[in-house]
Amino acid sequence: VLISGRGSNLQAVIDACEKGDITARVAVVISDKADAYGLERAKKHNIPAAVFEPGKFKDKNTYELEIVKVLKQHHAGLVCLAGYMRIVGDVLLEHFRGKIMNIHPALLPAFPGLHVQKAALDHGVKIAGATVHFVDEGCDTGPIILQAAVPVREDDTEETLSARILEEEHKIYPRAVKLFAEGKLKIEGRRVRIT
Ligand code: GRF
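Here it is as structure tokens:
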């Protein structure tokens, strides 16, 4: 699991694995920030963790090669981006194509990018939500695996809406990982078939 911060989605996946809902385990947590709270979560669950700060590498490829090395050392079969605030580059994609997932707090393809809960509110949408998708070279553009809808309330603020979306994220991310672990996700062009 790749993180940059709080790691609440990481926690949801760890919990689902520990409960036995998912027949898998989090092999390693990698952060691009040394102070990411998610690193504490990994420690608490005795999960190996590593920090790679992109600024300390010559370029993105060198940075990602280091990540790939650690992922392979830990025999990772799936890479979950969970609040990892970077666009995945060529190196990670080349080594894990079709095996990288991301969670996004909007109903894609609406509102890709950052600050999307606020963008959805400002736009006046009535239904917001969350999306788990496979990662391709774009920003939040890959094939969609699961989505959850969250109705917007009249008195919602960015904070209240984000909190309700997050609750759904914590349900659909483990569910998507479970489907992957069971070999039930087939990518067919832009579509993901759940078998
Ligand atoms: C989540 O809202 C996720 O959808 C987005 O970044 C946030 C990460 O939260 N990509 P957390 O670090 O998992 O708590």
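Residue numbers (the working numbering): 1413 to 1607.
Think of the CB as a built atom: it goes at the ideal place given N, C-alpha and C, for glycine as much as any other residue.
Remember, it's a predicted structure, so these values are computed and weren't measured experimentally.
- Counting only runs of 4 or more residues that sit fully inside the region 1490-1553, the alpha helix (DSSP H) segments are 1502-1508 and 1528-1535, in chain order.
- Residue list for the ligand GRF: GLY1417, ARG1418, GLY1419, SER1420, ASN1421, ALA1494, GLY1495, ILE1515 and PRO1517 (CB closer than 5 Å to any heavy atom, chain order).
- In chain order, ILE1442, PHE1464 and LEU1504 place their CB closer than 7 Å to the CB of ILE1479, counting only its own chain and leaving out the 5 sequence neighbours on each side.
- Excluding the 5 residues flanking it on each side, ILE1434 has same chain C-beta neighbours closer than 8 Å at VAL1425, ALA1428, PRO1586, VAL1589, LYS1590 and ALA1593, in chain order.
- Assignment of SER1416 by DSSP, reduced to helix, strand and coil, places it in the coil class.
- Inter-residue distance for HIS1487 and VAL1440 is about 9 Å (C-alpha atoms, whole angstroms).
- Taken atom to atom, the span from the alpha-carbon of LEU1490 to that of LYS1511 is near 5 Å.
- Counted as a single uninterrupted DSSP element, the stretch harbouring ALA1462 is not any alpha helix (DSSP H) but the beta strand (DSSP E) occupying residues 1461-1463.
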